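Using the numbering used here, you'd call the opening residue of the sequence shown number 42 and step up by one each time.
By construction, the Cβ of each residue, glycine as well, lies at the ideal position given by its N, Cα and C atoms.
It should be emphasised that the depicted structure is a prediction, and the values quoted were computed from it without experimental measurement.
See structure below.
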Amino acid sequence: VQILKAGQTGIKAHPFPGFSALYTSAMFSRQLKDKQSIDDLLNYSFGLIYAGAVSLAVATFYFQDEIMNLLYVDANGAFGPVLGWLMFSFIGVAGTYILGTLLTANGDLKRLNWLFVIGIVVNLGLNLVLIPLKQAEGAAIATVVTQSIVFLGQFFLVHKELKFAFSTTQVLRLLFYLGLCFGLVSGIKVLIPMDWPMVFLIAILVQLVLAVLLKLVNFKFLFEFIPRK
Numbered sequence: 042v043q044i045l046k047a048g049q050t051g052i053k054a055h056p057f058p059g060f061s062a063l064y065t066s067a068m069f070s071r072q073l074k075d076k077q078s079i080d081d082l083l084n085y086s087f088g089l090i091y092a093g094a095v096s097l098a099v100a101t102f103y104f105q106d107e108i109m110n111l112l113y114v115d116a117n118g119a120f121g122p123v124l125g126w127l128m129f130s131f132i133g134v135a136g137t138y139i140l141g142t143l144l145t146a147n148g149d150l151k152r153l154n155w156l157f158v159i160g161i162v163v164n165l166g167l168n169l170v171l172i173p174l175k176q177a178e179g180a181a182i183a184t185v186v187t188q189s190i191v192f193l194g195q196f197f198l199v200h201k202e203l204k205f206a207f208s209t210t211q212v213l214r215l216l217f218y219l220g221l222c223f224g225l226v227s228g229i230k231v232l233i234p235m236d237w238p239m240v241f242l243i244a245i246l247v248q249l250v251l252a253v254l255l256k257l258v259n260f261k262f263l264f265e266f267i268p269r270k
């Protein structure tokens with residue numbers, strides 16, 4: 042059964058650039074083995090990767106068409122939105138790198154596997170519904186929803202098994218950062234009269250600086266944590 046129209050099959054199949062995340066398994070394992078609190082390490086790790094993922098995702102969202110036209114000679118108007126959606130799924134993926142690593146270090150592989158099975162089922166169902174409606178963009182939306190569900194599921198497991206929860210202040214800070222990034226990048230794209238690659242890099246840099254100012258990225262913790270390990 043063909044649910045993607047001609048010309049749509051190649052969009053999501055194009056190899057989008059890969060990304061890597063900070064690997065903290067050894068540090069989590071050491072903290073858990075020594076029965077030490079993982080709260081500070083988890084807050085630091087999540088804040089760091091969240092800031093990086095959001096800054097890249099938001100900047101890419103606003104420059105989605107320019108990036109796809111640069112990468113692919115056959116790009117058309119349908120390519121950009123797919124990249125935009127997939128970059129927001131990257132935020133969920135980045136979060137699962139941290140939480141999945143922690144749950145693996147804690148020996149919760151069985152629960153993780155069941156969560157992934159649920160994610161696969163949800164993704165298949167969403168694809169069957171969304172692809173006929175929105176084609177390749179529908180598949181990208183399904184990916185965003187699936188990654189978000191898996192991330193929230195992992196967060197629930199971390200909360201249940203390790204009694205971890207973000208403070209209200211931290212949650213508000215994360216949401217405020219996301220909203221402010223949208224406003225900043227939108228303004229930067231309009232107000233800075235330079236070639237788009239330079240504006241794109243400036244947008245990412247400004248967002249990262251903002252993350253430091255909001256203390257999502259805590260270098261003091263990094264310098265204090267590493268020496269004692």
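DSSP, reduced to helix, strand and coil, places M109 within a helical segment of the structure shown. Judged by their CB atoms, L219 and T187 are not nearer to each other than the 8 Å cut-off. If you ignore the 5 residues before and after A94, its C-beta comes within less than 7 Å of the C-beta of F131, I132 and A135, all in its own chain and listed in chain order. Cβ atoms of V212 and A92 stay farther apart than 8 Å, at about 15 Å.
Under the criterion of beta carbons closer than 8 Å, S227 and Y103 qualify as touching, at roughly 7 Å. A distance below 8 Å between beta-carbons, with the five flanking residues on each side excluded, links T137 to the following residues of its chain, in chain order: Q188, V191, F192 and Q195. For F87, the enclosing alpha helix (DSSP H) covers residues D80 to Y103.
In summary, P238 is exposed, with fewer than 16 beta-carbon neighbours lying within 10 Å of its beta-carbon over all protein chains present. Secondary structure at G133: helix, using DSSP grouped into helix, strand and coil. In terms of Cβ geometry, L82 and L144 do not form a close pair [threshold 8 Å]. The beta-carbon separation of I182 and L171, rounded to 6 Å, stays under the 8 Å limit for a contact. Per DSSP, the continuous alpha helix (DSSP H) segment holding M239 begins and ends at W237 to L254. In the DSSP annotation of this structure, the continuous segment of the alpha helix (DSSP H) that includes S189 starts and ends at L150 to L203. Judged by DSSP secondary structure, L221 falls within the alpha helix (DSSP H) whose first and last residues are T209 to L232. Relative to the Cα of F120, the nearest Cα in the group I79, K175 and L165 belongs to K175.
Counting only the Cα atoms, I79 lies some 21 Å from K151.
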